[in-house]
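**Student:** End of the sequence shown = 471 in the numbering used here, gap-free, step of one. Note that beta-carbon positions come from the ideal geometry of N, C-alpha and C, so glycine has one too. Got a structure for you, written out below as structure tokens; questions coming shortly.
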Amino acid sequence: MRFILMSECGTRRGTTHHRRYFDMIEEAVFAEEMGFYGWGTSEHHFFNDIAVTPSPECLYTAVALKTNRIRLRYMSRLVSAINPILIAEQTAVTDILSNGRIELGTARGNTLLQLDAFGVSLEETKGRSEEALELIVRALSNDTFSHEGKYWGTIPERRLSPKSLQEPHPPLYKIAQGAESAADARRRGLGMITSDLYLGWDTLGTYLDAYNNVPADDINPVGKYVVKSAASSVMTARCAKTNDAALAHAEDDLLMFAQMIINDVYVQLAERSPEQYGGFTRFAELREHADDAAWLRECGPTVLVGDPEHCVQQVQRTAEMGADEIILRIDGGTHDEIMQSIEHFGRYVIPYFSNPGGVLRSGPVGLLPGDPRQVASYEKTAVSGNA
């Protein structure tokens, strides 16, 4: 199981975006130290305080120059709205500056705040996104490229320069918010990233099964090679010494983010375009719980808030369902709280999956094996997780 830190510049009232950006860079550096496989952010526009990352390539450059090992994934470039040639160029340059650590995830867009502002019809987001990704791959992979398309017009023969350090292009991923979208990601040879799974564990299972069960003969990669990776995204994550402490740290962000998703974002999409986003109507059923932090903590895989034992158990459940990665959005709190959660995940959760044999399970020094005074930290979880 690979662990990836996600941050979207969630900025608390009374603080500044200026301070939050520099805090995010420090958090990414610390995540590398704590053993996270990757770090990333999503591209968002017009969100004000929850997600303030309209120019992700700038942030990735800063993080790239401060880190050495951690993979840097664009969680979701808005390929339905942003010119794909610009995205290809930005991907290539940040891949160079990171010494080949960039990964490119794409998304259609999940809010009218962005799509309406860029003049993108909901009926066109799928087609625009698919055409854009094909264009990005050709621009990065070929010596020269040209394009004649329905959505992105005519581009005469050109040479993209510079090319990415990773040849022929960085690994490609796609945000999936439905079982058919998950299967489509696999058929197109893309890594799959789930998002906003407030509808519960069964929903995650449906997505993972749809992705993992696509027959090999059905795979026709849009890229030059296949990426096989299924990620479960946790939209509010906190780890602390106790469950109560973790919930206290998470509560403000947990409620704000869940209320945005449940009350507004997806219901608006479903109402505007039932043909494209009709599956999101179920989010309206959750509105009675949108202000209940305790209920949200238990609602499913999209919230991971608790002590290390709780976190290990939930990550293990996710892995057993078929996920290869877990993406932890640790954001929207104070910088100190976020750093504490990164440290707790790095010290007490990640090792159970990256180095299970190295996790200390014995009691105090000087007691013989079998002594009843020995206490094994999270031993029950470790045993069940490594069976």
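Mind checking who CYS323 pairs with in its DSSP beta bridge?
**Tutor:** GLY390
**Student:** Roughly how many angstroms lie between the CA atoms of LYS464 and ILE434, to the nearest whole one?
**Tutor:** Interpretation of LYS464 is limited by its pLDDT of 44, a score under 50 that renders its predicted location unreliable; no figure is taken from the coordinates.
**Student:** Quick check for students: name the residue ranges of the beta strand (DSSP E) that lie wholly in the segment 149 to 196, counting only runs of 3 or more.
**Tutor:** List check, beta strand (DSSP E) in window: 155 to 162, 186 to 191.
**Student:** By Cβ distance below 7 Å, which residues in the same chain neighbour GLU218 in space, the five residues on each side in sequence not counted?
**Tutor:** VAL306
**Student:** With distances taken from CA atoms, which of GLN174, LEU370, VAL351 is nearest GLY363?
**Tutor:** VAL351
**Student:** Excluding the 5 residues preceding and the 5 following GLY124 in the sequence, name in chain order all residues of the same chain whose CB lies nearer than 7 Å to its CB.
**Tutor:** ILE88, MET90, LEU156, ARG157, TYR158, MET159
**Student:** Consult DSSP for MET85 and reduce its assignment to one of helix, strand or coil.
**Tutor:** coil
**Student:** Which stretch, first to last residue, makes up the beta strand (DSSP E) that contains LYS258?
**Tutor:** Run containing LYS258: 256 to 259, per the beta strand (DSSP E) assignment.
**Student:** Measuring only the C-alpha atoms, how far is GLU382 from HIS394?
**Tutor:** Taken atom to atom, the span from the alpha-carbon of GLU382 to that of HIS394 is near 11 Å.
**Student:** Could you spell out where the beta strand (DSSP E) holding ILE412 opens and where it closes?
**Tutor:** Rather than Ile, the amino acid found at residue 412 in this sequence is Leu. Taken as a continuous stretch (DSSP letters only), the beta strand (DSSP E) holding LEU412 covers 409 to 413.
**Student:** Reducing DSSP to helix, strand and coil, say where PRO440 ends up.
**Tutor:** helix
**Student:** Examine the Cβ distances between the segment 108 to 117 and the segment 140 to 147 and report whether three or more of them are shorter than 8 Å.
**Tutor:** Yes: at least three Cβ pairs fall under 8 Å.
**Student:** May I have a chain-ordered list of the beta strand (DSSP E) segments no shorter than 3 residues that lie completely inside the segment 196 to 255?
**Tutor:** Restricting attention to beta strand (DSSP E) runs no shorter than 3 residues, the segment 196 to 255 encloses them at 229 to 232, 238 to 242, ordered along the chain.
**Student:** Using alpha carbons as the reference points, say which of ARG153, GLN174, THR151, ILE154 lies closest to ARG161.
**Tutor:** GLN174
**Student:** Taking the beta carbon of SER468 as the centre, do at least 16 other beta carbons fall within 10 Å, making it buried, or is it exposed?
**Tutor:** Residue confidence for SER468 is low, a pLDDT of 47 falling below 50, so the modelled location carries little weight; the figure read from the coordinates is stated next. SER468 is exposed by the Cβ-count criterion.
**Student:** So what's THR287 in DSSP terms, helix, strand or just coil?
**Tutor:** helix
**Student:** Quick one: Cα of GLU264 to Cα of HIS373, how far?
**Tutor:** Between GLU264 and HIS373, the C-alpha separation is close to 27 Å.
**Student:** Take the Cβ of LEU170 as the centre, count every other Cβ of all protein chains shown within 10 Å, and call the residue buried at 16 or more, exposed below.
**Tutor:** When all chains shown are included, LEU170 counts as exposed.
**Student:** In angstroms, rounded to a whole number, what distance separates the CA positions of ARG86 and PHE130?
**Tutor:** 31 Å
**Student:** Measuring CB to CB, does SER317 end up less than 9 Å from ASP286?
**Tutor:** no
**Student:** Please classify ASN470: does DSSP put it in a helix, a strand, or coil?
**Tutor:** Confidence at ASN470 is low in this model, with a pLDDT of 46, below 50, so its placement is unreliable and the value that follows should be read with caution. It is coil, neither helix nor strand.
**Student:** Cutting at 7 Å between CB atoms, please list the residues of its own chain near PHE114, excluding the five before and the five after it.
**Tutor:** Excluding positions up to five away in sequence, the list reads MET423, ILE426.
**Student:** Measure the C-alpha to C-alpha separation of GLN400 and ARG270 and round it to an integer number of angstroms.
**Tutor:** 23 Å
**Student:** By Cβ distance below 6 Å, which residues in the same chain neighbour ALA472 in space, the five residues on each side in sequence not counted?
**Tutor:** The structure shown does not extend to residue 472, since the chain is modelled only from 85 through 471, so no value can be given for it.
**Student:** If you drop the 5 nearest sequence neighbours on each side, which residues of the same chain put their C-beta closer than 7 Å to that of LYS234?
**Tutor:** GLY211, GLU215
**Student:** Report all residues from its chain with a CB closer than 7 Å to the CB of GLU141; omit the five preceding and five following residues, and keep chain order.
**Tutor:** GLN174, THR178
**Student:** Would ARG96 and GLY416 qualify as a contact pair, given that the criterion is a beta-carbon distance under 9 Å?
**Tutor:** Contact: yes.
**Student:** Can you confirm whether the segment 342 to 356 touches the segment 183 to 197 when touching is taken to mean that 3 or more C-beta pairs between the two stretches lie within less than 8 Å?
**Tutor:** yes
**Student:** Quick check on HIS101: buried or exposed, where buried means 16 or more other Cβ atoms within 10 Å of its Cβ?
**Tutor:** exposed
**Student:** Measure the Cβ-Cβ separation of ALA314 and ASN296 and say whether it is below 9 Å.
**Tutor:** yes
**Student:** Pick out whichever of VAL298, ASN167, PHE341 has its Cα sitting closest to the Cα of ASN132.
**Tutor:** PHE341
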